[in-house]
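As structure tokens, the structure follows; a few thoughts come after it.
Protein chains: 2
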Amino acid sequence: MGSSKHIGSSTIRFASAPVFLSWANCGGKMEAQGPLSRYFDLLEEDSFWGEQTWEQAESTMQIRAMELALKKANLKRGDISLAFGGDLLNQCTGTSFAMRHWGMPYFGAYTACATMAESLILAAMSIDGGYADHTAAIASSHYCTAERQYRTPMPYGNQRTPTAQWTATACGCCILGGAGSGPRITHAVPGRITDPGLTDPNSMGAAMAPAAYETISAYFRDTGEGPKDFDLILTGDLGRFGSDILRELFDRDNIDMSKNYFDCGELLYNIPKQDMHCGGSGAGCSAAVLAGYLLDNLTSGKWRRILFAPTGALLSTTSVFQGESIPGIAHALVIEADKEVSA
Amino acid sequence: MGSSKHIGSSTIRFASAPVFLSWANCGGKMEAQGPLSRYFDLLEEDSFWGEQTWEQAESTMQIRAMELALKKANLKRGDISLAFGGDLLNQCTGTSFAMRHWGMPYFGAYTACATMAESLILAAMSIDGGYADHTAAIASSHYCTAERQYRTPMPYGNQRTPTAQWTATACGCCILGGAGSGPRITHAVPGRITDPGLTDPNSMGAAMAPAAYETISAYFRDTGEGPKDFDLILTGDLGRFGSDILRELFDRDNIDMSKNYFDCGELLYNIPKQDMHCGGSGAGCSAAVLAGYLLDNLTSGKWRRILFAPTGALLSTTSVFQGESIPGIAHALVIEADKEVSA
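For the record, the sequence lines run as chains U and X. The first sequence begins at 2 in our numbering and counts up by one. The second sequence begins at 2 in our numbering and counts up by one.
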């Protein structure tokens, strides 16, 4: 049963290669000042997005991104048989309140900043397996909701350490289908938790790098492929420090990641001109970079094939206070520019 | 594509009817004093489960339940291609830290107390679609971790209102496969958020009852079935007050739920002898009732076919403080006693 859908120990092959029918993203002020600003559908200076609270603003970003993605795909809310999504807020309320607006069948996903990858893999599985005709995957984060939940209230003007990252105020939404034209998901690797024993919540790139290494290595092992088989390899939000660690981990295996490996958290901002220290993070970071810069350029013909591997740090303020180390995880997807993929 | 896997607007049909290969559950002191105590694999008086914190105790419950379920199925951790699970802790750390122990490919699920249903549906989809040979679904809650996170620190001895429920200290774990004998999942209904506009976090049964009504009604509409087609219909944790509301909602449609509909939150405790007010709640409540009482009796021959519909209240303390109402959700599964189901 299903053996053709497995490769090696960890890789799933989607025979039908589900299609990205549309995608849309939103960003805030800092994202507007970053190098990817022209790849955003909506950029908003007001951190409240016209709402009363930042939490409502995060849900509003999700609602706007979904609205745009549906419009681009020429679909209505009722056409989405299953929506997968998540965020970093306690009890994932950023997504719940957006999904309340849409009333779509909804499964909440949580693997921290790797949530967009989990959502996309499940959305692709639902299409490829024949359980849904159209699915949506969405993830968001908001600097102000994350800062006060994980660190200190915003008015304190918390000082950040050199290894700290900046939670992106961003959201990405993708709509998948079984037929049509657009970039396609051909493979996926659901990640396993890897915990290097680090306890500093201001150095999450270092905590997540081994997980990214495990997931990407598993794909290389399972398929016999390597960096040369991709135009781009991307992690979610290891930032500058974490991505250096990842390059070093692959160096030990004589795998050269220096040419075409980048991190979404580094791409999103002008570092060091923008004061984001090690770069962006947050569930919205890799989601928004995918649902704009990456999918746009897979469509324009700039790239043919990418490995997209968002990373998550599965900590909470409680786990940190209790002295626990930070479990890392990374899920990966292979995305190819449009062409007929043989089933 | 896949039309045979859809019925009506909301129901998924699993052609292969994935099998429950094994299940195991854990409970605490109150669960040991309840009427289902003999259906628990492990009951522990110590609320810390030998750990330093209640949060660690919750992860330990998950580790113990998974360990037992693997053993009963005669499987090793490496045999599980995908694990789905979640809990109520901020950032779902109860599950993350348990999954760190196991190192299985892991997707975090969050739809509050409906998390076991979401996990099971995704686990069944992964088997039925051919993406995995064995999957695990797990969910937990702990009275002490929930009480201090959602309400007040434990030593305050918080007084509860008459409509309040008691977060179960419990965990359920199920292992699914594509072949073998055991109860089978034949259908699933992923739920949509329904929000009746209620704002009292001490009356969550009322907030969730309309969602349970929507999901169960959708199944009845899609299939033409009704209460008479089931030995039992179960909601997750509407409690006494919420389940009365659900019966009334169905009464308006002339659907009689008075004979075989029950709520897992009511079944778990001796009410009112045990002082649980409206009954049990928590992601572990329906998970533990399923992974013991329900699956045991589907195996013993007592019942042939049940509709299992856990319910979730998608609030957070922040959303409540900000005056938001409580979005409810319910996901449903049809589970049949072992027999060959035609594909």
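Virtual Cβ for every residue (Gly too), placed ideally from N, Cα, C.
Answer yes or no: do residue i and residue j have a C-beta to C-beta separation smaller than 8 Å?
i: residue 209 (chain U); j: residue 243 (chain U); result: yes
i: residue 120 (chain U); j: residue 99 (chain U); result: no
i: residue 285 (chain X); j: residue 48 (chain X); result: no
i: residue 311 (chain X); j: residue 262 (chain X); result: no
i: residue 185 (chain X); j: residue 336 (chain X); result: yes
i: residue 130 (chain U); j: residue 130 (chain X); result: yes
i: residue 104 (chain X); j: residue 96 (chain X); result: no
i: residue 236 (chain X); j: residue 213 (chain X); result: yes
i: residue 146 (chain X); j: residue 59 (chain X); result: yes
i: residue 94 (chain X); j: residue 56 (chain X); result: yes
i: residue 281 (chain U); j: residue 241 (chain U); result: no
i: residue 40 (chain U); j: residue 293 (chain U); result: yes
i: residue 66 (chain U); j: residue 85 (chain U); result: no
i: residue 83 (chain X); j: residue 133 (chain X); result: yes
i: residue 166 (chain U); j: residue 54 (chain X); result: no
i: residue 203 (chain X); j: residue 164 (chain X); result: yes
i: residue 278 (chain U); j: residue 101 (chain U); result: no
If I measure Cβ to Cβ from residue i and keep anything under 7 Å in the same chain, skipping five residues before and after, which residues do I get?
i: residue 122 (chain U); result: 189, 191, 332 and 334
i: residue 2 (chain X); result: Note that residue 2 (chain X) scores a pLDDT of 38, beneath 50, so its modelled location is shaky; the value from the coordinates is reported in the next line. Result list for residue 2 (chain X): empty, nothing under 7 Å.
i: residue 76 (chain X); result: 135 and 176
i: residue 290 (chain U); result: 37, 265, 268 and 269
i: residue 296 (chain U); result: 21, 24 and 184
i: residue 231 (chain U); result: 261, 306, 307 and 308
i: residue 298 (chain U); result: 304
i: residue 155 (chain X); result: 145, 148 and 149
Looking only at its own chain, which residues have a Cβ that is under 8 Å from the Cβ of residue i, when we skip the five neighbours before and after it?
i: residue 315 (chain U); result: 112, 113, 194, 327, 328, 329 and 330
i: residue 9 (chain U); result: 219, 222, 223 and 224
i: residue 248 (chain X); result: 258, 259 and 262
i: residue 254 (chain U); result: 218
i: residue 12 (chain X); result: 188, 189, 190, 219, 220, 223 and 224
i: residue 200 (chain X); result: 321, 324, 325, 326 and 327
Go ahead and pull the three-state DSSP assignment for residue i.
i: residue 343 (chain U); result: Below a pLDDT of 50, predicted positions are generally treated as unreliable, and residue 343 (chain U), at 40, falls in that range; no measurement from the model is reported.
i: residue 228 (chain X); result: helix
i: residue 102 (chain X); result: helix
i: residue 199 (chain X); result: coil
i: residue 14 (chain X); result: strand
i: residue 235 (chain X); result: strand
i: residue 332 (chain U); result: coil
i: residue 157 (chain X); result: helix
i: residue 50 (chain X); result: coil
i: residue 314 (chain X); result: strand
i: residue 245 (chain U); result: helix
i: residue 298 (chain U); result: helix
i: residue 337 (chain X); result: strand
i: residue 282 (chain X); result: strand
i: residue 38 (chain U); result: helix
i: residue 271 (chain U); result: coil
i: residue 149 (chain X); result: helix
i: residue 55 (chain X); result: helix
i: residue 262 (chain U); result: strand
i: residue 96 (chain U); result: helix
For residue i, which option in the options has the closest C-alpha, if you only look at C-alpha atoms?
i: residue 7 (chain U); options: U:118, U:103, U:220 and U:95; result: U:220
i: residue 170 (chain X); options: X:17, X:260 and X:35; result: X:35
i: residue 79 (chain X); options: X:106, X:303 and X:252; result: X:106
i: residue 157 (chain X); options: X:163, X:164, X:148 and X:165; result: X:148
i: residue 63 (chain X); options: X:82, X:11, X:117 and X:12; result: X:117
i: residue 50 (chain U); options: U:69, U:42 and U:29; result: U:29
i: residue 256 (chain U); options: U:278, U:275, U:277 and U:226; result: U:226
i: residue 410 (chain U); options: U:318, U:203, U:215 and U:313; result: Any property of residue 410 (chain U) remains undetermined from this structure, which presents chain U solely from 2 to 344.
i: residue 73 (chain U); options: U:320, U:174 and U:272; result: U:174
i: residue 197 (chain U); options: U:246, U:27 and U:238; result: U:246
Please work out which residues of its chain come closer than 6 Å, Cβ to Cβ, to residue i, disregarding the five sequence neighbours upstream and downstream, and give them in chain order.
i: residue 152 (chain U); result: 159
i: residue 344 (chain X); result: Per-residue confidence for residue 344 (chain X) stands at a pLDDT of 38, beneath the threshold of 50, marking its modelled position as unreliable; no derived number is given.
i: residue 14 (chain U); result: 6, 8 and 188
Could you check if residue i belongs to the surroundings of the ligand PLP, using beta carbon to heavy atom distance under 7 Å?
i: residue 275 (chain X); result: Ligands displayed in this structure: none; no statement on the ligand PLP is therefore possible.
When you check each C-beta in the segment 189-221 of chain U against every C-beta of chain X, which residues fall closer than 7 Å?
If you check each beta-carbon in the segment 189-221 of chain U against every beta-carbon of chain X, the ones closer than 7 Å belong to 191, 192, 193, 194 and 196.
What residues in the segment 284-295 of chain U have a beta carbon less than 7 Å from any beta carbon of chain X?
none
Give the residues from the segment 43-58 of chain X that approach chain U closer than 8 Å (Cβ to any Cβ), ordered along the chain.
Legend: CB atoms of the segment 43-58 of chain X lying less than 8 Å from CB atoms of chain U belong to residues 53, 54, 56 and 57.
Could you name the residues of the segment 249-264 of chain X whose beta carbon sits closer than 8 Å to any beta carbon of chain U, in the order they occur along the chain?
none
Contacting positions in the segment 78-100 of chain X - beta carbon closer than 8 Å to chain U
82, 83, 87, 89, 90, 91, 92, 93, 94, 97, 98 and 100
Interfacial residues, the segment 116-149 of chain X to chain U, with Cβ spacing under 9 Å:
So the list reads 116, 119, 122, 123, 126, 127, 128, 129, 130, 131, 132, 133, 134 and 146, given in the order they occur along the chain.
Relative to chain X, which residues along the segment 297-319 of chain U have a C-beta separation below 8 Å, given in chain order?
Contacts with chain X (Cβ-Cβ distance below 8 Å) from the segment 297-319 of chain U involve 315, 316, 317, 318 and 319, listed in chain order.
Taking only beta carbons into account, state which residues of the segment 101-112 of chain X come closer than 7 Å to chain U, listed in chain order.
Listed in sequence order: 101, 104, 105, 106, 107, 108, 109, 110, 111 and 112.
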